[in-house]
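Position one of the sequence shown corresponds to residue 889 (the numbering used here), numbered consecutively onward.
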Amino acid sequence: MITGIDHTVVVSETLADAALTAARLGFRTTPAAHHPFGTANTLVQLGDTYLEYLAILDESLFPEERPDAFSFPSFNRDFLIGEGAGLSMLALKTDDPEALAARLAEVGLSRYPTFSFRRTAQAPDGAELPVSFTLAFASHADFVRAGLFALVSVGAIAAVSYAGLPDWVPVSRPTFAMEEPDLVLEFPASKQDRRTLPDGSEYFGVAGEIKNVGRETKTVPPVLIVLYDSRNRKVYNWEILPRQGRLQPGETLSINEAITDLPKSARFAEIGWSPS
């Protein structure tokens, strides 16, 4: 019934914090992905499993909470508030989610309706492949505020990576290049300045740092800033070429950038390495 561990969810204050933690452990993280219900994630791939680092971005996008449905973003927000950053959920593989959900209910774990999704996706070579999954969530008051869910999926890794499962699944088309080993981007939301100027033009400013946490001199690639509207749609982006091309071990480069005449709908930014 349970065939293995699919992945773990590690909730963090920010994805920058998560990337820094991963880098210190010697891991590379994937480009950040935004979810339409107010969270974002970055992954550490570990063979046939992975760590999902999750951050809360916008609670106003959370789906309405109901006692008969499990809320992934609300659960992780509450975990972060009550327990702090850490392992919040364990995702198990199963070959029969309906039977597993029933069994979980029998042993006293809260049972929620299973969620299923199926579609035909296109792989990078153009081939059409079936992609599907079913989720079964469970929780219990005696858990140390940790969640459990199991899933069964059908398809190909290539299709999942490029195809287009629902946006909240932790796989998406990359907006940014892969994380640079030992280079950490830190651009906190508190240092994003979005406002309308007295002359009516739209202004967006951002401040942050690039840190070399490794033991070797690193080349600093261009940084990409992508602006999103309140519905998490990309509305604008621009590339920054850092004034300093290389960072020594332990060195930090500060970045302060601003732009005007951007779309009025722009609300927040996502920052990463440019793929160009």
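For glycine and all other residues, C-beta sits at the position ideal for the given N, C-alpha and C.
With H, G and I counted as helix, E and B as strand and the rest as coil, what does DSSP make of residue i?
i	result
GLU940	strand
ASP1081	strand
GLU1145	strand
GLY1226	Past the edges of the chain, shown from 889 to 1164, lies residue 1226, and the structure says nothing about it.
ALA904	helix
ARG916	coil
THR1063	coil
PHE1025	strand
ALA911	helix
PHE1156	strand
LEU1129	coil
GLU1090	strand
LEU949	helix
SER1162	coil
What are the partner residues of residue i, as DSSP defines its beta bridges?
i	result
ALA921	ASN929
VAL1072	LYS1099
LEU934	THR937
GLY892	LYS981
ARG1134	THR1107
LEU1150	In the DSSP output, where bridge partners are listed per residue, LEU1150 has none listed.
So is residue i buried or exposed if we call it buried at 16+ other beta carbons inside 10 Å?
i	result
VAL995	exposed
ILE893	exposed
PRO1001	exposed
ASN1144	exposed
ILE969	exposed
THR902	buried
THR1084	exposed
THR1148	exposed
ILE1045	Low per-residue confidence applies at ILE1045: pLDDT is 31, beneath 50, and the placement is therefore not dependable, though the value from the model is reported in the following sentence. Exposed is the call here.
LYS1122	exposed
GLU1068	buried
For residue i and chain D, any beta-carbon pair shorter than 9 Å?
i	result
LEU1073	Although the question refers to chain D, the structure presented lacks it and comprises just one protein chain.
With three or more C-beta pairs closer than 8 Å as the rule, is the region 954-967 touching the region 986-993?
no
Residue ranges of each alpha helix (DSSP H) within the region 962-997, 4 or longer
985-994
Is it the case that the region 1089-1105 contacts the region 919-934, given that we only count it when at least three CB pairs across the two stretches are under 8 Å?
no
Is the region 912-921 in contact with the region 948-955, if contact means three or more CB pairs nearer than 8 Å?
no
Across the region 1073-1087 and the region 1116-1126, are there enough close Cβ pairs to call them in contact, namely three or more that are closer than 8 Å?
no
contact_flag[the region 1104-1111, the region 930-939] where n(CB pairs < 8 Å) is 3 or more
Counting Cβ pairs under 8 Å, fewer than three are found: no touch.
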